[in-house]
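Enquirer:
Number of protein chains: 2
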Amino acid sequence: MSDEAVDRLFHALADATRRDILRRCVRGGMSVSRLSEAYPMSFAAVQKHVAVLERAGLVTKQRRGREQLVRTDPDAVGRARQALDELETAWRGRVDRMSRLLAEDPEKSDPTEGPD
Amino acid sequence: MSDEAVDRLFHALADATRRDILRRCVRGGMSVSRLSEAYPMSFAAVQKHVAVLERAGLVTKQRRGREQLVRTDPDAVGRARQALDELETAWRGRVDRMSRLLAEDPEKSDPTEGPD
DNA sequence: CTAACGTACAACCAAATGGTTGTAGATGGG
DNA sequence: CCCATCTACAACCATTTGGTTGTACGTTAG
């Protein structure tokens, strides 16, 4: 997963309204206007939240007549969990050879020699 | 975990620089100025990123002389994972534990026989 | 003591975020 | 067809975010 994808994923999750939308849309069948009745904000504001979730890959939209049905992607949490796993794996794998990397300047980084 | 705590947690994770700081500080012993040498930005900017991570409970700081050593909280990822679990648990409660299972295996549409 | 280092923090700025209202385009019902 | 509904999107505004620079303060080295 790219850095930007992880950015979008965690950013989308970092808002209580959006997390609530995710919970409400697991069953699908929720139109955006129906959703917007649940929150103390305008239809357009909810539309924007849904757009953020969609760009993050957390929900999908499906047309039914003039309505747009929102559905939480069942694998959404799995992907977020994987992003956390990659974070954790990265640091565990790096731990033993970290000290050299830390001491170096990005400018004059020469992997063949280093403090030890 | 409160909504605000989850907000702070995911917001802190939604930035590539901050995720990199987490990776670099697992071993501890990194001063903020040492850290700031690794990024193309000012010391003050890195200081702010560390503050965001600290408010989210992802790192702790410890004084050593005039330095401030940053260390990633070993339980940090665990807490993020728990936040995801709570999200998912809320789904299950609302869904009556059916739709996700059905989506995976349309064949086993008998809930009395499903796993779990 | 003085100088250099590491940190803290304030002031400032551009861009993004989260909200609003208004307008316009599809779609379905009578 | 006409109208109400649902959606899309633009323009606008206040606040936050992510960066900068500058200044002040504590600590260590000489």
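From first to last, the protein sequence lines stand for chains A and B. Heads up, the first sequence is in full-length UniProt numbering, so the first residue is 1 and it goes up one at a time. Heads up, the second sequence is in full-length UniProt numbering, so the first residue is 1 and it goes up one at a time. Beta carbons are placed, not taken as given, at the ideal position from N, Cα and C, and that holds for glycine.
Using a beta-carbon distance cut-off of less than 7 Å, what residues from the UniProt domain "HTH arsR-type" (1-92) of chain A approach chain B?
Expert: Asp3, Asp7, Phe10, His11, Leu13, Ala14, Asp15, Ala16, Arg19, Leu22, Arg23, Val26, Arg27, Pro74, Val77, Ala80, Arg81, Leu84, Leu87, Glu88, Ala90, Trp91
Enquirer: What residue range does the beta strand (DSSP E) around B:Val70 cover?
Expert: Start and end: 67-72.
Enquirer: Beta-carbon separation of A:Leu13 and A:Ala80 under 8 Å?
Expert: Between A:Leu13 and A:Ala80, the C-beta spacing is below 8 Å.
Enquirer: List the endpoints of the continuous alpha helix (DSSP H) containing B:Arg19.
Expert: 16-24
Enquirer: Distance check for B:Gly28 and B:Thr72, CA to CA, integer angstroms please.
Expert: For B:Thr72 and B:Gly28, the gap between their C-alpha atoms comes out near 7 Å.
Enquirer: Given that a residue counts as buried once 16 or more other Cβ atoms are within 10 Å of its Cβ, and exposed if not, what is B:Arg24?
Expert: buried
Enquirer: Output the boundary residues of the beta strand (DSSP E) element that contains B:Arg27.
Expert: No residue range can be given for B:Arg27, since it is assigned to no beta strand (DSSP E) and is classified by DSSP as neither H nor E.
Enquirer: Below 8 Å on the Cβ atoms is my contact criterion, and I expect B:Leu9 with B:Ala56 to pass it. Report the Cβ-Cβ distance as a whole number of Å.
Expert: Right, their Cβ atoms sit about 5 Å apart.
Enquirer: Where does B:Asp96 sit, in a helix, a strand or coil, going by DSSP?
Expert: Residue placement at B:Asp96 is flagged as unreliable, the pLDDT there being 49, under the threshold of 50; the coordinate-derived value follows with that caveat. Residue state, collapsed to three classes: coil.
Enquirer: Considering only the alpha carbon of each residue, which of B:Val26, B:Met1, B:Met30, B:His11 lies closest to B:Arg66?
Expert: B:Met30
Enquirer: Mind pulling the alpha helix (DSSP H) runs of 4 or more residues that sit fully within the segment 36-70 of chain B?
Expert: 43-55
Enquirer: Select from B:Asp75, B:Leu58, B:Gln62, B:Thr89 the residue whose C-alpha is nearest the C-alpha of B:Arg18.
Expert: B:Leu58
Enquirer: Suppose contacts are defined by Cβ-Cβ distances below 8 Å. Is B:Val32 in contact with B:Gln47 by that definition?
Expert: yes
Enquirer: Put A:Thr31 into one of helix, strand or coil per three-state DSSP.
Expert: Checking the sequence, you will find Ser at residue 31 of chain A rather than Thr. Correct three-state label for A:Ser31: strand.
Enquirer: Assign B:Asp7 to one of three DSSP states: helix, strand, or coil.
Expert: helix
Enquirer: In whole angstroms, what is the alpha-carbon distance linking B:His77 and A:Asp85?
Expert: With the sequence shown as reference, residue 77 of chain B is identified as Val, and His is not the correct amino acid for it. The alpha-carbon of B:Val77 is positioned some 8 Å away from that of A:Asp85.
Enquirer: What is the C-beta distance between A:Asp15 and B:Ala16, in whole angstroms, given that I count them as a contact (C-beta under 8 Å)?
Expert: Going by Cβ atoms, the distance from A:Asp15 to B:Ala16 rounds to 19 Å, so no, they are not a contact pair.
Enquirer: Do A:Lys61 and A:Val70 come within 8 Å of each other at the CB atom, strictly closer than that value?
Expert: yes
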